[in-house]
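For the sequence shown, this note's numbering gives the first residue as 21, with consecutive numbering after it.
Contents: one structure, followed by commentary.
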Amino acid sequence: MTQFKNPDALIARVDDLESQLAFQEDTIEALNKQVQAQSQEIELLRRHIELLATKVAPIVERSGIEQFNADNERPPHY
């Protein structure tokens, strides 16, 4: 650890570190809120997709349309 001969320099350094810590805490809190909001939105979108899938599945079955399977398709450059 660096020895400070001037107590004012040490106080200034501690003040600077406290300021940086406060800024980091604010940033972490803001990021946490954003992650929570995104998680809620992702969950809502997931439920919407599930609902749409349950509504579309019977229509696809009745239509007789074969479901797309990428393994059975040839790329356009062949």
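C-beta atoms are modelled at their ideal positions from N, C-alpha and C, and glycine is treated no differently.
Note that the structure is predicted; figures quoted are calculated from it, not measured.
Cβ pair residue i, residue j closer than 8 angstroms
{"i": "Val-80", "j": "Gln-87", "result": "yes"}
Coarse secondary structure for residue i, derived from DSSP in three states
{"i": "Asn-26", "result": "coil"}
{"i": "Pro-78", "result": "helix"}
{"i": "Asn-89", "result": "coil"}
Identify every run of the alpha helix (DSSP H) within the region 41-76, keeping only runs that are complete inside it and at least 4 residues long; order them along the chain.
none
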